[in-house]
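>
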Amino acid sequence: MTPPPLVATVLPDVTGIDRQFDYLVPDALVSRVHVGDLVRVSLHGRRVGAWVVQVAVHDGELPLERMKPIAKVTGAGPGAATIDLARWARQRWASRGIRPFLVAASPQRAVVRGMPPARTASTFEPRHDRAAALLSRGGGVLRVGPSEDPNVTVVAACLTRGPVLVVVPALDTATMLAGRLRRASVSVALSPGEWAQAHAGADVVIGTRTAVWAPCPDLASIVVFDEHDERLQEERSPTWHARDVAIERARRASVPVLLVSPVPSVTALTWAGAAVSHPSITSSRAAWPFVDVIDRTRDEPWQTSMLTSPLIAALRDERRRIVCVHNAKGRARLSACRTCKALARCERCEAAVREDDAGHFHCDRCGLDRPLVCASCMGTAFANLRPGIARLREEIAAAANRDVVVVSGDDSDVPADADVYVGTEAVLHRVRRADVVAFLDFDAELLAPRYRAGEQAMALVVRAARLVGARDVGGRVMLQTFLPRHEVVQAALLADPERMSRVDAARRRELGLPPFAALATIRGAGSDEFAGALRARLASAHAENRWHVGGAASGNELVVRAPEWESLGTLLADVPRPKGSRLRIEVDPPRA
1 MTPPPLVATV LPDVTGIDRQ FDYLVPDALV SRVHVGDLVR VSLHGRRVGA
51 WVVQVAVHDG ELPLERMKPI AKVTGAGPGA ATIDLARWAR QRWASRGIRP
101 FLVAASPQRA VVRGMPPART ASTFEPRHDR AAALLSRGGG VLRVGPSEDP
151 NVTVVAACLT RGPVLVVVPA LDTATMLAGR LRRASVSVAL SPGEWAQAHA
201 GADVVIGTRT AVWAPCPDLA SIVVFDEHDE RLQEERSPTW HARDVAIERA
251 RRASVPVLLV SPVPSVTALT WAGAAVSHPS ITSSRAAWPF VDVIDRTRDE
301 PWQTSMLTSP LIAALRDERR RIVCVHNAKG RARLSACRTC KALARCERCE
351 AAVREDDAGH FHCDRCGLDR PLVCASCMGT AFANLRPGIA RLREEIAAAA
401 NRDVVVVSGD DSDVPADADV YVGTEAVLHR VRRADVVAFL DFDAELLAPR
451 YRAGEQAMAL VVRAARLVGA RDVGGRVMLQ TFLPRHEVVQ AALLADPERM
501 SRVDAARRRE LGLPPFAALA TIRGAGSDEF AGALRARLAS AHAENRWHVG
551 GAASGNELVV RAPEWESLGT LLADVPRPKG SRLRIEVDPP RA
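Residue numbers (my numbering): 1 to 592.
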């Protein structure tokens, strides 16, 4: 008896096309077409690539003679489980379709099935004891010191269970870790270049954020290193995060996931609950550098220069390589009372405030306005505390009597033999080693108009700590601040990130911010019309009281808040977009 014909539903790999189409599977390709495979089909008169998202017996609804056949099987692609995961991600990040996720999950070149697996089932020691304990409990958050290098020992603990998927923020980290594991006789597939080997099978599949979508047969655990790093989140819309995809993928596969970080995010800690492993106080402090907190409220007389006496002393020590960090671009304008030196801050959310055209202080984080009066002493005279990088370079060069190299985000080639550097936070990624890292205006980070400002400031301290090393090698980080009692400053000083995360979590819960609620921003042509459609949909569902759709405090985008991610993503994806609109929707935006 002749078997019934098969029909493949495919999603074209064409920008702007979110529809799926049915194609006939020719008899010659029946054994070669699987869900997830990459194929070539004829669409609107031209051959295009596509993913097979479903294969089923022809139901007779559309006559066979009207169906075009699949022209060619290009090779293996994301499997059925990955396509289901992409459907979940579509809702989670309000994507119009699953194509962006399938692009991340697909090989860069055609992959023919049949490559033999490279599994060795090798294990090695030493293994990270706390990681092993967390794995036995089903996974969780593993806090480590910034100068520790736990990557190999954590992977060793995971390998006792079977193949492991490893996600790191940077390609150079993935490459170096892959090399170290290979020297331990472990088979490694470095994604995306070695996607074919990952698909066939390896002990470890490793890569940057897109590796969270990579194939890993017989997956036994997932590890995300430096979970706090913003590079784990996709910059383009949809703004998916590798941490959240890893958690969901592990849940679906019933395997443990480890989130490893010196400063775990509030999102990670909330997800983990009690499954958080902290180092001992002694080992934690040993893994951090010395942190000098320079209290600028003690400056006498009032000075606008950012070069304090301790910093000048460090600059004049010719044995030390100094990195000075000042994020002059895109930061809040800091004002301080000329009488008592208190910084002008928001009474509600504690962010920095700026003077608006109406002569009031305005908070770009939560939108609160208040009179131009000091909350501490009722003074009305304020000083602006923001010199530029060019002026700083001149001051630093004069104080140090040494050449100073300026580094910005646009610089790719930075002299490696300089003794003093100054620049934005990009300098922390361009310089490989330093003796001292000084944050000239740490308050600009603490009071930035973003709800994640504390986490992001702490991440900068971690990056600085890795440049200078632990305290046993003399590593030193200097924080110049008018807020010496701020929870981030105290957390860095005492090598105790929990001091920051506890306060930050409580504040977010009170203000209804992620991870205790869902948030998205919308900008671009048609955003006002789209917001109106959202409000109408919410009103028809009698849900407007639990949601917020309105302008951001900064005035250049719309903000949507919802009780949870699922309903937010569903609404944003399902409400039709205005004709001719060019909307950019960011769910869980990194810099909101």
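Built from N, CA and C at the ideal position, the CB exists for glycine as well. Treat the numbers as computed from the prediction; the structure is a model and nothing was measured.
Let's see if you can read the secondary structure: which residues bound the beta strand (DSSP E) around residue 324?
322 to 325
> Entirely within the region 504 to 581 and at least 3 residues each: give me those beta strand (DSSP E) ranges in chain order.
518 to 523, 548 to 551 and 558 to 562
> Just the C-alpha distance for residue 280 and residue 143, rounded to the nearest angstrom, thanks.
10 Å
> Taking residue 238 and residue 93 to be in contact with their CB atoms under 8 Å, please state how far apart those CB atoms are, rounded to whole angstroms.
4 Å
> Count the other C-beta atoms from every protein chain shown that fall within 10 angstroms of the C-beta of residue 241, then say buried if there are 16 or more, exposed otherwise.
buried
> Helix, strand or coil: which one does DSSP assign to residue 340?
coil
> Which residue or residues does DSSP assign as beta-bridge partners of residue 140?
258
> Looking at the secondary structure, which residues open and close the alpha helix (DSSP H) in which residue 99 lies?
99 to 105
> Who are residue 615's beta bridge partners in DSSP?
Residue 615 cannot be examined here, being either before or after the span of the chain that is shown, 1 to 592.
> Would you identify the three-state DSSP class for residue 475, choosing helix, strand or coil?
coil
> Ignore the nearest five residues each way along the sequence and tell me which others in residue 439's own chain have a CB closer than 6 Å to its CB.
325 and 479
> Whole angstroms are fine: how far does the CA of residue 451 sit from the CA of residue 84?
32 Å
> Using only CA atoms, which one of 365, 355, 35 and 57 lies nearest to residue 349?
365
> Quick one: what's residue 481 bridged to in DSSP?
295
> What did DSSP end up calling residue 74 once you bin it into helix, strand or coil?
strand
> Which of the three DSSP states is assigned to residue 194 in this structure?
coil
> From this set, 470, 341 and 55, which residue's C-alpha is nearest residue 373's C-alpha?
341
> Relative to the C-alpha of residue 259, which residue among 284, 232, 213 and 253 is closest?
232
> Any idea if residue 57 is buried or exposed, counting beta-carbon neighbours within 10 angstroms, 16 or more meaning buried?
exposed
> Could you give the DSSP three-state label for residue 490: helix, strand or coil?
In the three-state scheme derived from DSSP, where H, G and I count as helix and E and B as strand, residue 490 is classed as helix.
> Taking C-beta to C-beta, are residue 169 and residue 229 nearer than 7 Å?
yes
> If you follow the beta strand (DSSP E) that residue 423 is part of, which residue opens it and which one closes it?
Element bounds for residue 423: 420 to 423.
> Can the beta-carbon of residue 516 be found less than 7 Å from the beta-carbon of residue 523?
no
> Can you tell me where the alpha helix (DSSP H) holding residue 363 begins and where it ends?
Note, residue 363: premise wrong, no alpha helix (DSSP H); beta strand (DSSP E) at 360 to 363.
> Roughly how far, in whole angstroms, is the beta-carbon of residue 158 from the beta-carbon of residue 245, given that I think they are within contact range, below 8 Å?
18 Å between Cβ atoms; not a contact.
> Is DSSP giving residue 455 helix, strand or coil here?
helix
> Can you pull the DSSP bridge partners for residue 382?
337
> Suppose the cutoff is 8 Å on Cβ atoms and the five residues either side in sequence are ignored; what does the same chain contact list for residue 37 look like?
51, 52, 73, 74, 75, 76 and 77
> Helix or strand or just coil, what does DSSP make of residue 465?
helix
> Following the continuous beta strand (DSSP E) through residue 586, name the residue where it begins and the one where it ends.
From DSSP, the beta strand (DSSP E) with residue 586 extends over 584 to 587.
> Opposite residue 233 in the DSSP bridges: which residues?
241
> Using CA atoms only, rank isn't needed, just tell me which of 22, 334 and 255 is closest to residue 55.
Closest option to residue 55, Cα to Cα, is 22.
> Does DSSP put residue 414 in a helix, a strand or coil?
coil
> Given this structure, state the Cα-to-Cα distance separating residue 10 from residue 102, to the nearest angstrom.
Taking the straight line joining both Cα atoms gives about 12 Å.
> So, is residue 221 buried or exposed, given that buried needs 16 or more other C-beta atoms within 10 angstroms?
Counting the other Cβ atoms within 10 Å of the Cβ of residue 221 gives 16 or more, which makes it buried.
> Where does residue 172 sit, in a helix, a strand or coil, going by DSSP?
helix
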